[in-house]
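S.K.:
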Amino acid sequence: MRALTWHGKHDVRVDTVDDPEILNPRDAIIKVTSTAICGSDLHLYDGYIPTMQAGDILGHEFMGEVVETGPKSTLKKGQRVVVPFTIACGSCYHCGKHQYSACDNANPADNQDIAQTLYGQPMSGLFGYSHMTGGYAGGQAEYVRVPFSDVGPIVIPDGIDDDKVLFLSDILPTGWQAAEFAQIEPGDTVAVWGCGPVGLFCVQSAFLMGAERVIAIDHFPRRLELAAKFGAETLNFEESKTYEALMEMTGGIGPDACIDAVGLEAHGLFVDNVWDQIKVSTFTGTDRTHSIRQAIIACRKGGRVSMPAVYGGFVDKFPLGAFMEKGLTLKTGQTHVQHYLPGLLAAIMEGKIDTTFLISHRMALSEAPEGYKIFHDHQNDVTKVVLKPGLDRVAA
Amino acid sequence: MADLRDDAPITTSKRSDGIIDATENLLEAKGHSLVGRSVTINRPRAELYAYWRDFTKLPSFMDNVERVDLIDDTTSHWVVKAPGGKTVEWDAVITEERPDELIAWASTEGADVPNSGRIDFRDAGDRGTVVTATILYDPPAGFIGKVIAKMFQREPAIQARRDLRRFKQLMETGEIATAARTHKQLKEETA
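Each protein sequence line maps, in turn, to chains A and B. Position 148, counted from 1, in the first sequence is what the numbering used here calls 148; the numbers after and before it change by one each time, with no gaps. Count along the second sequence from 1, add 1000, and you get the number used in the numbering used here.
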């Protein structure tokens, strides 16, 4: 089959590789119909993520058609499914509590060592995201082996276009969970740092959860425009002073809930962390740290801070005093995708949530290297690139 | 000096002296390096014990164990992978056994790698069962030292940790997680 493979910094190629096979009883093989490039894929592209190996297949946002099933899979050939980027067994203690991204078993035993050393306990496996999180081949390919297919993938009813449901794989549930973690109450004002895909889904989710006002913070005009379309008030941090503006916009109180969706591209977990091991000071005090610091300072007393943005390592100048004295609550974590899928699919089908607005580019799988380049170089205009392996099949 | 012993398992002690002495009432000592590792498995104690007690099944999750032959009800013969396609072998005898609770063993005279240990199974309420492996072994020097390195995948603590993770995966999910894409890759990984 054809697949987008990583070879080094700014070097991704479409190669011919062996087709995946059913290896375990609960596996299924999915023929990919749509797969997106995630902001976090750019960190692989930029070469920041350790434990990548030449030839690794990228991609963790994908959906497609079931073409083969193991004896314990509950899927049927021909079904269309969206596959969560987090791989979870469904049988361990954490899966039982719907903490799917904390699954004990999905990360192969040997690969768990690095995360265990860095974090104290190993995390679940992810598709297409380095060997630390399992080394699973990703979805920017014609076919994918999907482990634990009886737990992860959600079946999509006929007649619903791929573009409407593809983002169930990662960014929509990630934005939704972040808003849920902000424990929004009716009448709340919610501030969202970062209007990338997840930030924009946070905006939509916050309104659905009863927020009266959402203030969206970014510096890309195109992204702020999209946030405004969903009813958010915008704050361009290159034009206005963020803290001062937030205080004035909330009558001197501060937002009731603050969501930091800036470092989100790095939801590869480990970028800064491992890098920090090598070069401790390099990544401290970056803008990413800045946004969580700002969120804590701006947040009203007794308010909530939600952090879908990923901070892999150690941060400097964390305002622990403000955090304690103001009595804030912080919730964070990788997304428990499987937990949110049924509810979010229903919301999409009822027209409560729209995801298609995000897609700015649709390309063939063979054009994936170009897709990475434009997504990397033009963040204002390229909001989301979706690859369609089927376009190659038509061309062939 | 006052007795500084705490309630933590002896396998987590910072002090190397005295560990072996302290271990003697825990194990029949065959070796001088101590490894201890626990894992919580979301399955009933009896089920886990039964799987483990059938030693011929152990290679399903112990990557370095090629096969275990049963000689009689308490004696087994172990064949373990070594570098260059070679193997190391020993006989092990069960020294203590309590159904659904404990299996202890020790290698017999002439073992390539003298070792002994015990596997404990304890109830963990609605979290299932805590399985604890405590292993004493002798890493011989020279060539055999290298064998050991490979045999325990670099380090016995890591090997025990990985084997227990695979046991947990197998018991909880019915399979052992792999990121391989093809049968060929899977074979290379477990070789």
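C-beta atoms are modelled at their ideal positions from N, C-alpha and C, and glycine is treated no differently. It should be emphasised that the depicted structure is a prediction, and the values quoted were computed from it without experimental measurement.
Can you tell which of T33(A), D113(A) and Y45(A) has its C-alpha closest to the C-alpha of G128(A)?
M.R.: Nearest to G128(A) by alpha-carbon distance, out of T33(A), D113(A) and Y45(A), is Y45(A).
S.K.: What whole-angstrom Cβ distance do V155(A) and V81(A) have, given they're in contact under 8 Å?
M.R.: With a Cβ gap of about 6 Å, V155(A) and V81(A) count as contacting.
S.K.: Check whether the Cβ atoms of E238(A) and I215(A) lie closer than 7 Å to each other.
M.R.: At the C-beta level, E238(A) and I215(A) stay beyond 7 Å of one another.
S.K.: Could you say if the stretch 94-112 of chain A and the stretch 166-181 of chain A meet the contact criterion of at least three C-beta pairs nearer than 8 Å?
M.R.: no
S.K.: Mind pulling the chain B residues with CB within less than 9 Å of K72(A)?
M.R.: G1174 and E1175
S.K.: Check distances from the C-beta atoms of the stretch 1071-1100 of chain B to those of chain A and list, in chain order, the residues that come in under 7 Å.
M.R.: none
S.K.: Can you tell me whether DSSP reads Y129(A) as helix, strand or coil?
M.R.: In the structure shown, Y129(A) sits in coil (DSSP, three-state: anything other than H, G, I, E or B).
S.K.: Give me the DSSP bridge partner(s) of L1102(B).
M.R.: R1098(B) and D1120(B)
S.K.: Using a beta-carbon distance cut-off of less than 8 Å, what residues from the stretch 1116-1139 of chain B approach chain A?
M.R.: Legend: CB atoms of the stretch 1116-1139 of chain B lying less than 8 Å from CB atoms of chain A belong to residues R1127 and G1128.
S.K.: By the 7 Å beta-carbon criterion, what residues does the stretch 2-27 of chain A contribute toward chain B?
M.R.: Here the close residues are D18, P20, E21, L23, N24, P25 and R26.
S.K.: For A1160(B), decide whether its Cβ has a neighbour in chain A, counting only Cβ atoms nearer than 7 Å.
M.R.: no
S.K.: When you compare each of E1172(B), I1119(B) and T1173(B) to A1160(B) by their alpha carbons, which one comes out closest?
M.R.: I1119(B)
S.K.: Which class does L387(A) belong to by DSSP, given the choice of helix, strand or coil?
M.R.: strand
S.K.: Below 6 Å, is the gap between the Cβ of R362(A) and the nearest heavy atom of the ligand ZN?
M.R.: With respect to small molecules bound, the structure shown includes none, and the ligand ZN cannot be examined in it.
S.K.: Would you please verify whether the beta carbon of T1182(B) is less than 7 Å from any beta carbon of chain A?
M.R.: yes
S.K.: Give the straight-line distance between the Cα atoms of H397(A) and Q121(A), rounded to the nearest whole angstrom.
M.R.: The requested residue 397(A) is not part of the displayed model; chain A covers only 1 to 396.
S.K.: Go through its chain and collect everything with a Cβ distance to E1175(B)'s Cβ below 6 Å, but skip five positions before and after it.
M.R.: none
S.K.: For the putative contact between P20(A) and R1098(B), defined by C-beta atoms under 8 Å, what is the C-beta separation to the nearest angstrom?
M.R.: At roughly 45 Å, the Cβ-Cβ gap does not stay under 8 Å, so P20(A) and R1098(B) are not in contact.
S.K.: For M1001(B) and chain A, any beta-carbon pair shorter than 7 Å?
M.R.: Confidence in M1001(B) is poor, its pLDDT being 41 and thus under 50, which makes the residue's placement too unreliable to answer from.
S.K.: So what's M363(A) in DSSP terms, helix, strand or just coil?
M.R.: strand
S.K.: Give the residues from the stretch 108-140 of chain A that approach chain B closer than 9 Å (Cβ to any Cβ), ordered along the chain.
M.R.: P108, A109, D110, N111, Q112, D113, Q116, P122, G125, H131, G134, G135, Y136 and A137
S.K.: Please classify N380(A): is it buried, with 16 or more other beta-carbons within 10 angstroms of its beta-carbon, or exposed?
M.R.: exposed
S.K.: Verify whether the separation of the beta carbon atoms of H60(A) and L126(A) is less than 7 Å.
M.R.: yes
S.K.: Identify the contact partners of Y100(A) in chain B, using a Cβ-Cβ distance below 9 Å as the criterion.
M.R.: Simply none; closest approach about 13 Å.
S.K.: Per DSSP, V1130(B) is paired with what?
M.R.: Residue pairing of V1130(B) in beta bridges, as defined by DSSP: T1040(B) and R1122(B).
S.K.: For T174(A), which of K9(A), S306(A), P25(A) and A346(A) has the nearest alpha-carbon?
M.R.: Nearest of K9(A), S306(A), P25(A) and A346(A) to T174(A), Cα basis: S306(A).
S.K.: Check for me: the alpha helix (DSSP H) holding S306(A) runs from which residue to which?
M.R.: Unbroken run through S306(A) is the beta strand (DSSP E), R304 to M307; no alpha helix (DSSP H).
S.K.: Using a Cβ-Cβ cut-off of 7 Å, state whether R1166(B) counts as contacting chain A.
M.R.: yes
S.K.: Report the three-state DSSP secondary structure of M63(A) (helix, strand or coil).
M.R.: strand
S.K.: Distance cutoff 7 Å, beta carbons only. Does C92(A) sit that close to anything in chain B?
M.R.: yes
S.K.: Considering just the uninterrupted stretch of the alpha helix (DSSP H) at I348(A), what are its terminal residues?
M.R.: V337 to M349
S.K.: I want to verify the contact list: residues of chain B whose CB lies under 7 Å from the CB of R145(A), in sequence order.
M.R.: R1181
S.K.: Can you give me the Cβ contacts of L970(B) inside the same chain, cut-off strictly under 7 Å, excluding the 5 residues immediately before and after it?
M.R.: No answer is possible for residue 970(B): it lies beyond the span of chain B, which begins at 1001 and ends at 1191.
S.K.: Mapping the DSSP letters down to three states, classify C95(A) as helix, strand or coil.
M.R.: In the structure shown, C95(A) sits in a helix (DSSP, three-state: H, G or I).
S.K.: Excluding five sequence neighbours on each side, which residues of the same chain lie with their C-beta closer than 6 Å to the C-beta of Q1169(B)?
M.R.: Contacts found: I1176 and A1177.
S.K.: Is it buried or exposed for V66(A), if we count other Cβ within 10 angstroms and need 16 for buried?
M.R.: It counts as buried.
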